[in-house]
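The block underneath contains the structure these notes are about, expressed in structure tokens.
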Amino acid sequence: MDRPISPEELEDLRRLDFDLAAVDEEESYAPSIDTQHTQHTSATGSSSSRIADFFGPEVFQVVLHNPTTAHQLKKFAHSRLCGENLEFLEKVDQYHQSLNQAIKTVFEIHRNFISVDAPNQVNLPNDVTLQINRNLKHVLAKVMPNMESVFLTAQHDIQRLVASDIYPRFVRYQMTSSVTRALATNKNKYAGLGDCFVLTDPNKGDNPIVYASDGFVKVTGYERNEIIPRNCRFLQTRKTDRESVTRIKKSLENPAECVELLLNERKHGEPFWNLLYTAPLYDSAGKLAFFLGGQINVSTTIHNTSDILRILSHGSDDEKTEQRSAPAPPKPARSSLWSSLRRSKQTNGRIPGMESDLLEDLNNMSFKQQKDAFYTAYSKYIIVNAETLLISFFSAGIVELLYPARATNQHSQIPGQEVFKFLSQHSSGNLSRDYKSRVRAAVKAGQAITLDLSLCTRRMMGFETFMTHWTPLKNDQHVTGFVVLTLGSLQDARRD
63 MDRPISPEEL
73 EDLRRLDFDL
83 AAVDEEESYA
93 PSIDTQHTQH
103 TSATGSSSSR
113 IADFFGPEVF
123 QVVLHNPTTA
133 HQLKKFAHSR
143 LCGENLEFLE
153 KVDQYHQSLN
163 QAIKTVFEIH
173 RNFISVDAPN
183 QVNLPNDVTL
193 QINRNLKHVL
203 AKVMPNMESV
213 FLTAQHDIQR
223 LVASDIYPRF
233 VRYQMTSSVT
243 RALATNKNKY
253 AGLGDCFVLT
263 DPNKGDNPIV
273 YASDGFVKVT
283 GYERNEIIPR
293 NCRFLQTRKT
303 DRESVTRIKK
313 SLENPAECVE
323 LLLNERKHGE
333 PFWNLLYTAP
343 LYDSAGKLAF
353 FLGGQINVST
363 TIHNTSDILR
373 ILSHGSDDEK
383 TEQRSAPAPP
393 KPARSSLWSS
403 LRRSKQTNGR
413 IPGMESDLLE
423 DLNNMSFKQQ
433 KDAFYTAYSK
443 YIIVNAETLL
453 ISFFSAGIVE
463 LLYPARATNQ
473 HSQIPGQEVF
483 KFLSQHSSGN
493 LSRDYKSRVR
503 AAVKAGQAIT
513 LDLSLCTRRM
523 MGFETFMTHW
533 TPLKNDQHVT
543 GFVVLTLGSL
553 QDARRD
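See the structure below:
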């Protein structure tokens, strides 16, 4: 028989019940990782609190635990051969969820069946009930906290690694993809999209700005004489990520294409997120002549965490859709393109307007990686002399887009061509008189203009429609020296 419980044991039992009930049964054993990573400063404070912070710890945690954004981030990480980090964090989260469920079940059993006030109290000996309560207290006070902390250090380390490396790359990729679609459909979605450019001169001290578009003046809030001849770093703030700045500096020292998302500041202190694209431009002698810089104020449509999640969630089914809608060129053709570019580089030296080092790297990439490397909002551009309308520079993306896969060195003849003649070679016929006259009038007036144009492309093996954005670049005397022509593909826009 069950022995009578003593007054002391009864008091102990009641005290244990009280202590157990005092523990918050909703207390979460989910990870409470402090992601105040040092690689990105949070865009908070009196001036910058008005904009959403892509890299803040709160947003980072939301992205990690939102099913859609977490899926996109993991897919991106796998494509960069570091998906194991996201899989580890996912499994640790599942582990914590299991602990939460175990704790919840323990409380339900105690509350409903064992406690002195249980509505469905089971008939247990007093000493067994007392032992259960003591065991439960031990589990809650000692065992569960220890189980929660099993992966704590590893979780801290991996989250910091993701936050400082793959996550910023993922944000830039998703942001660039969104801008690319907008370039072809709704240029006004982002301030400066298609008309915010500068040319800097690396042959002068401190690589100063020598030409700037009206769009750059509008986006930054500075007058032209306040912009030229300064270095672009004048837009940076104390909160601008230093690692991004370092990567830009390296791309200038060792000329290469670069895309970064920077926290910049307008003239009167208003912060904005600047999606920056830079590329080296070489003259006909293979000498570095300029750097092209394209700026896009992405803060105009991103005001809160929901807007960030919308951008970062995009693309769950895009690759399948694209494969169904656009036929892929045959593999031998792709190999031939990179071989022909290599041969041209070896025989003719550095091709004006093309990043030879980038092309050499692309030869060692998979086709998907090649596509990703070119997939930027400004990857398809031509720069023409404003007075003669002769092509001065062009991007590797133009070659990849317009020239047949088996072309040898036809693209080496692009510099020096009259731009309308060049476009006519890739359209269904000569450009219309109206198209050419409108472009000429806009260039003469120093105004940007956007017109649609159908061009024959390799990837479609037929014609596709582009929005052509013509943007004058002016010196400190407001004289147009060059015009940037960017092509926004409606085919890319269908990714939405």
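Under our numbering, residues 63 to 558 are what the sequence shown spells out, in order.
All residues carry an ideal CB built from backbone N, CA and C; glycine is no exception.
It should be emphasised that the depicted structure is a prediction, and the values quoted were computed from it without experimental measurement.
- Of the other Cβ atoms in all chains shown, fewer than 16 fall within 10 Å of the Cβ of residue 140; this residue is therefore exposed.
- Taking 9 Å as the cut-off, the beta carbon of residue 270 is found no closer than this to the beta carbon of residue 287.
- Of 499, 180, 464, the smallest CA-CA separation from residue 528 is found for 464.
- Of 496, 506, 509, 507, the smallest CA-CA separation from residue 515 is found for 496.
- By the neighbour-count criterion, in which 16 or more other beta carbons inside 10 Å mark a residue as buried, residue 257 falls on the buried side.
- The bridge partners DSSP lists for residue 546 are 445, 533.
- Closest option to residue 274, judged by alpha-carbon separation, among 547, 533, 512: 533.
- Between the segment 341–351 and the segment 360–376 there are fewer than three C-beta pairs closer than 8 Å, too few to call the two in contact.
- By the Cβ neighbour-count rule, residue 481 is buried, with 16 or more other Cβ atoms within 10 Å of its own.
- Under the three-state reduction of DSSP, residue 514 is assigned to strand.
- Going by C-alpha positions, residue 493 is about 44 Å away from residue 308.
- Judged by their CB atoms, residue 452 and residue 461 are not nearer to each other than the 9 Å cut-off.
- Per DSSP, the continuous beta strand (DSSP E) segment holding residue 359 begins and ends at 350–359.
- Assignment of residue 216 by DSSP, reduced to helix, strand and coil, places it in the helix class.
- The alpha-carbon separation between residue 304 and residue 458 amounts to approximately 29 Å.
- Excluding sequence positions up to five before and after residue 549, its CB lies within less than 7 Å of the CB of 442, 528, 530, all in the same chain and listed in chain order.
- Straight across, the Cα-Cα distance linking residue 183 with residue 174 is about 7 Å.
- The segment 134–176 contains, as complete alpha helix (DSSP H) runs of 4+ residues, the segments 145–171 (chain order).
- A Cβ-Cβ separation of about 7 Å places residue 239 in contact with residue 376 under the 8 Å criterion.
- Judged by DSSP in its simplified three-state form, residue 465 adopts coil rather than helix or strand.
- Between residue 225 and residue 333, the CB-CB gap reaches or exceeds 9 Å.
- In the DSSP assignment, residue 191 falls within the unbroken alpha helix (DSSP H) covering 188–200.
- For residue 497, the uninterrupted alpha helix (DSSP H) run begins and ends at 495–507, by DSSP.
- Residue 181 counts as exposed, since fewer than 16 other C-beta atoms from the protein chains shown sit within 10 angstroms of its C-beta.
- Membership of residue 262 in the beta strand (DSSP E) is indicated by the continuous run 259–262.
- Here DSSP, grouped into helix, strand and coil, assigns residue 272 to strand.
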